[in-house]
Amino acid sequence: DIQMTQSPSSLSASVGDRVTITCRASQRISSSLNWYQQKPGKAPNLLIYDASTLQDGVPSRFSGSGSGTDFTLTISSLQPEDFATYYCQQSYNMYTFGQGTKLEIK
Amino acid sequence: QVQLVQSGSELRKPGASVKVSCKASGHSITTHAINWVRQAPGQGLEWMGWINTNTGNPTYVQGFRGRFFFFLDISVNTAYLQISSLKAEDTAVYYCAREGGASWFDPWGQGTLVTVSS
Chain U
1 DIQMTQSPSS LSASVGDRVT ITCRASQRIS SSLNWYQQKP GKAPNLLIYD
51 ASTLQDGVPS RFSGSGSGTD FTLTISSLQP EDFATYYCQQ SYNMYTFGQG
101 TKLEIK
Chain L
1 QVQLVQSGSE LRKPGASVKV SCKASGHSIT THAINWVRQA PGQGLEWMGW
51 INTNTGNPTY VQGFRGRFFF FLDISVNTAY LQISSLKAED TAVYYCAREG
101 GASWFDPWGQ GTLVTVSS
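Protein sequences appear in the order of chains U and L. Anchor point for the first sequence: position 16 equals 16 in this note's numbering, and the numbering is continuous, going up by one each time. Anchor point for the second sequence: position 73 equals 73 in this note's numbering, and the numbering is continuous, going up by one each time.
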């Protein structure tokens with residue numbers, strides 16, 4: 001099974017900050033990596049698929065990069081609505097989610 | 001607009017069973033696979049498996065074999081998750097999600113909270 005490890009598990013930041021979340025796969029997964037945002041009490045929402053393709057309607061301040069085993073999600077300038085939990089998901093061999101990164105207001 | 005609408009919260013006693021529905025609107029449920037994801041209280045997302053909506057063939061991840069069942073009713077454009085012999089540790093929000101493209105989940109249902117308590 002492919003394991004996904006996100007870091008950090010939690011992060012405090014301020015509006016306007018640039019934030020990066022990392023996801024590492026236990027084996028190479030090409031670019032088969034997706035990112036989701038989840039707000040409290042809501043279903044996850046797809047942000048980025050295939051490591052770097054922005055889903056329709058997602059603001060351009062979100063970006064993804066990486067391939068192989070190491071991936072990043074970057075938010076270029078945090079907005080109040082971005083405070084949420086973020087999950088990566090590998091889709092190379094079935095599916096596995098990372099444990100999540102909770103982004104909180106500093 | 002493509003949507004998945006799930007049934008409402010359920011409260012069951014240990015040993016009982018529960019059925020969660022996931023109705024597709026804006027598209028035929030047969031066009032894309034449906035996946036199921038569990039989220040225990042305060043925890044992360046756990047992929048349970050998926051159902052091929054063309055053949056009705058389900059695939060279960062280890063840990064979700066034996067008491068968890070995925071099935072379809074094409075006539076009402078709906079997928080179902082049934083859990084039997086419920087345990088307290090089954091308390092969670094269960095999500096259905098369409099497999100968009102070839103390898104991501106979009107959209108998701110709004111989630112169904114299943115609470116197992118005596």
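By construction, the Cβ of each residue, glycine as well, lies at the ideal position given by its N, Cα and C atoms.
{"Query": "Can you check which of these residues, L:V114, L:T115, L:R98, is closest to L:W108 by C-alpha distance?", "Result": "L:R98"}
{"Query": "Measure the C-alpha to C-alpha separation of L:Y60 and U:V58 and round it to an integer number of angstroms.", "Result": "31 Å"}
{"Query": "Within the same chain, show all residues whose beta-carbon is closer than 6 Å to that of U:T74, passing over the 5 residues directly before and after it, in chain order.", "Result": "T20, S63"}
{"Query": "According to a CB-to-CB cut-off of less than 7 Å, which residues of the stretch 26-43 of chain U neighbour chain L?", "Result": "S32, N34, A43"}
{"Query": "Could you have a look at U:P80 and say whether DSSP puts it in helix, strand or coil?", "Result": "helix"}
{"Query": "Should U:S76 be counted as a contact of the ligand GTP given a C-beta to heavy atom distance under 7 Å?", "Result": "Although the ligand GTP was asked about, the structure shown includes no ligands whatsoever."}
{"Query": "Between L:V116 and the rest of its own chain, which residues show a CB-CB distance below 7 Å, the 5 nearest in sequence each way excluded?", "Result": "R12, P14, L86, K87, A88, D90, T91"}
{"Query": "My output table needs one value for L:D90: the three-state DSSP class, helix, strand or coil.", "Result": "helix"}
{"Query": "Taking the alpha-carbon positions, what's the L:K23 to L:Q3 distance?", "Result": "8 Å"}
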